[in-house]
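Only one structure is covered here, and it is reproduced in the block below.
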Amino acid sequence: MSGLLALPKETLTNVLSYVEPVDLARFAQTCRSAQNAAHPANQVLWRHVFLSLYDDPEEAWSAMPSSYTPPLRKDWDWYREVKHRHGALCVLHRQNLEPVEPAKVNQHITSLLSILDTAKFAPTPSEIRRGMEPRINDRSWLNLNLLAPRDTPYHTGIDSLIYGHSLRDCEGYTSRPSDSRSDAKSRLHILCGLTERDHMDHKVRGQARRRVYNWSLTSEATDYGPFMDDGSGRPNWYLLEGVVTVSMLMLLSCVQQSLVLPNSFNYSIPHRTLVPYKNPRDWARVQGSWLGTYSFLDYAQLAAFNDRIRPNSIGPNLEGNCEACGALLKMVLRIDDSVKSDRKLQTSLPSADDADYPTLYFRGESKDRGHAGNPATTVKGFAALMPGGREVRWRFIVNYMSTDAWQLEGIQPGGIRSGGIFGLWSQVDHEPRDAIGPFCYYPEELFLPLLNI
Numbered sequence: 039m040s041g042l043l044a045l046p047k048e049t050l051t052n053v054l055s056y057v058e059p060v061d062l063a064r065f066a067q068t069c070r071s072a073q074n075a076a077h078p079a080n081q082v083l084w085r086h087v088f089l090s091l092y093d094d095p096e097e098a099w100s101a102m103p104s105s106y107t108p109p110l111r112k113d114w115d116w117y118r119e120v121k122h123r124h125g126a127l128c129v130l131h132r133q134n135l136e137p138v139e140p141a142k143v144n145q146h147i148t149s150l151l152s153i154l155d156t157a158k159f160a161p162t163p164s165e166i167r168r169g170m171e172p173r174i175n176d177r178s179w180l181n182l183n184l185l186a187p188r189d190t191p192y193h194t195g196i197d198s199l200i201y202g203h204s205l206r207d208c209e210g211y212t213s214r215p216s217d218s219r220s221d222a223k224s225r226l227h228i229l230c231g232l233t234e235r236d237h238m239d240h241k242v243r244g245q246a247r248r249r250v251y252n253w254s255l256t257s258e259a260t261d262y263g264p265f266m267d268d269g270s271g272r273p274n275w276y277l278l279e280g281v282v283t284v285s286m287l288m289l290l291s292c293v294q295q296s297l298v299l300p301n302s303f304n305y306s307i308p309h310r311t312l313v314p315y316k317n318p319r320d321w322a323r324v325q326g327s328w329l330g331t332y333s334f335l336d337y338a339q340l341a342a343f344n345d346r347i348r349p350n351s352i353g354p355n356l357e358g359n360c361e362a363c364g365a366l367l368k369m370v371l372r373i374d375d376s377v378k379s380d381r382k383l384q385t386s387l388p389s390a391d392d393a394d395y396p397t398l399y400f401r402g403e404s405k406d407r408g409h410a411g412n413p414a415t416t417v418k419g420f421a422a423l424m425p426g427g428r429e430v431r432w433r434f435i436v437n438y439m440s441t442d443a444w445q446l447e448g449i450q451p452g453g454i455r456s457g458g459i460f461g462l463w464s465q466v467d468h469e470p471r472d473a474i475g476p477f478c479y480y481p482e483e484l485f486l487p488l489l490n491i
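Per the working numbering: the sequence shown = residues 39 to 491.
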């Protein structure tokens, strides 16, 4: 030990950078000199340790749009990141449902989001433009490797962070958390995708439906979509969480006999789609095929539920299998600026002020993927980078029998060219007490064929 500690400081730091964090912490407890060598203030050492375990955050930050604001460099502490990320990953991969220490739940959630938000883009956008195609199973990405489930289709520990031992608002109908901690929890759930409890617990599904079908959570101020009602154009994470849960379960029922649902953190970082840039303007990967579906309640049940929200009213709690699912739809889109001035594509909500990512307008067709002979409906819409520079907003106007009938307002929470678009559909005219429901669409290339062995 004395020989090791006698090494020059730079050499000792280099040696210690190859030691696992847990062992490094034990080493620091052996004597005062070891404690000094591995002290949290030795940011050079902890930066080396961090980069041996995780992707370099600078690579992710530099590839984001200019309107995206990364954490301030002066506030970034390498030791703290290593410590907090280690604790969060231990919870994520635990093999039981032991309760998480309440005081640490928010820190674990913040750390998991930090791992995801600094995950490497491979290839980078410039490499894609040069013809390099990404691979969905690329295991060289440190962060995504660490977030991947181990020996199970789902993360065992994620439900402990999202739900604990009880639902956050299992009896609530109008509860609407808006603090940053609740938003972070909802965002983590959205980016993780469906969990084991989402599949198994009818109370979870009821909770999600009570958000999705609640008339009071959308209005003209939100463009009838999952956006905040303050005019900021930012996501309503609480509402979007419910939309993702309901729509993904519905999509799963559509594809489970033939396709594998794209469900994991792996689809929640930018530039995950496998289609190269064929049009230099198409930063959002508008052009191409999309698969998705929608769902809806019987109108009498929808109205009865919303009437229940009123004091002393009795109505359905939406915990049973109460909704219908549309067909598996295939939508093919192409960029088309001719619809730019269409009145139904105007919005008062802001988008990111970024000249490199202008709003893209498109047209397309949608039809039942399983019945090629059925007539197609026409679609028009736009994709826009949202304020903050991370998420992408999508609007679709669906024409039915030569009339613009349906408005779909969605968010792509994983970012540019990531996984699914999730949102709410409503009637274009937006009459009071109109029908509403969730929808989702994914780039078709993200679906893998189901292998029956």
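Here a beta-carbon is modelled for each residue, glycine too, at the ideal position from N, C-alpha and C.
For residue i, I'd like the list of residues in its chain whose CB is within less than 6 Å of its CB, leaving aside the five on either flank, ordered along the chain.
{"i": "F420", "result": "L383, T397, Y399, R433"}
{"i": "T49", "result": "none"}
{"i": "A259", "result": "D267"}
{"i": "N144", "result": "R219"}
{"i": "Y211", "result": "Low local confidence applies: a pLDDT of 48 at Y211 is under 50, so the model's placement there is unreliable, and no value is given."}
{"i": "S440", "result": "none"}
Please return the same chain residues whose Cβ sits closer than 7 Å to the Cβ of residue i, not counting the five positions on each side in sequence.
{"i": "R323", "result": "T311, V313, R455, P481"}
{"i": "V282", "result": "I228, F460"}
{"i": "G402", "result": "M369, V370, L371, R372, V417"}
{"i": "Y192", "result": "T233, E234"}
{"i": "R118", "result": "none"}
{"i": "A66", "result": "A72, Q73, A76"}
{"i": "I196", "result": "L130, C230, T233"}
{"i": "H122", "result": "Q145, S149"}
{"i": "K112", "result": "none"}
Considering only residues of the same chain and omitting the five flanking positions on each side of residue i, which have a CB-CB separation below 8 Å?
{"i": "H124", "result": "P59, V60"}
{"i": "C363", "result": "M288, S291, C292, T331, Y332, S333"}
{"i": "W253", "result": "N344, R471, I474"}
{"i": "E209", "result": "Its pLDDT being 43, under 50, E209 is placed unreliably in this model, and the value from its coordinates should be taken loosely. Taken in chain order, the list of residues that qualify is empty."}
{"i": "T256", "result": "Y262, G263, P264, L277, L462, S464, I474"}
{"i": "N52", "result": "H86"}
{"i": "P354", "result": "Q339, A342, F343, R346, C360"}
{"i": "K316", "result": "Q325"}
So, are the CB atoms of residue i and residue j less than 8 Å apart?
{"i": "A76", "j": "L54", "result": "yes"}
{"i": "G427", "j": "P109", "result": "no"}
{"i": "V430", "j": "G458", "result": "no"}
{"i": "L184", "j": "I200", "result": "no"}
{"i": "S100", "j": "D391", "result": "no"}
{"i": "L356", "j": "Y438", "result": "no"}
{"i": "V120", "j": "W84", "result": "yes"}
{"i": "P273", "j": "G202", "result": "no"}
{"i": "P425", "j": "P451", "result": "no"}
{"i": "A98", "j": "L151", "result": "no"}
{"i": "H131", "j": "R70", "result": "no"}
{"i": "L486", "j": "N304", "result": "no"}
{"i": "L484", "j": "R407", "result": "no"}
{"i": "A246", "j": "V298", "result": "no"}
For residue i, list the residues DSSP reports as bridge partners.
{"i": "N437", "result": "T416, D442"}
{"i": "K405", "result": "K368"}
{"i": "A422", "result": "R431"}
{"i": "L486", "result": "V298"}
{"i": "Q450", "result": "V430"}
{"i": "S327", "result": "V370"}
{"i": "G461", "result": "G448, F477"}
{"i": "A362", "result": "F334"}
{"i": "F400", "result": "I373, G419"}
{"i": "P273", "result": "F265"}
Can residue i be considered in contact with the ligand SAH, in the sense that its beta carbon sits closer than 7 Å to one or more heavy atoms?
{"i": "S257", "result": "What this structure holds is no ligand at all, so the ligand SAH is not there to describe."}
By alpha-carbon positions, which one of the options ends up nearest to residue i?
{"i": "S198", "options": "F485, C230, L484, N134", "result": "N134"}
{"i": "C415", "options": "L387, G326, W444, D221", "result": "In the sequence as displayed, the identity of residue 415 is Thr instead of Cys. The shortest Cα separation from T415 among L387, G326, W444, D221 belongs to W444."}
{"i": "S224", "options": "D394, A186, E279, G244", "result": "E279"}
{"i": "D320", "options": "S306, A126, A422", "result": "A422"}
{"i": "N412", "options": "R346, L366, L127", "result": "L366"}
{"i": "A186", "options": "A246, G271, C128, A63", "result": "C128"}
{"i": "M286", "options": "Y479, A63, Q81", "result": "Y479"}
{"i": "I435", "options": "L45, A246, D467", "result": "D467"}
{"i": "Q81", "options": "L62, W116, H237, Y56", "result": "W116"}
{"i": "G269", "options": "S386, P476, A393", "result": "S386"}
{"i": "H237", "options": "N301, K405, L297, D375", "result": "N301"}
{"i": "F88", "options": "W114, R64, T68", "result": "W114"}
{"i": "L335", "options": "G244, P318, D380, H309", "result": "G244"}
* Asked: Is the number of C-beta pairs between the region 145-158 and the region 88-95 that are closer than 8 Å three or more?
  -> yes
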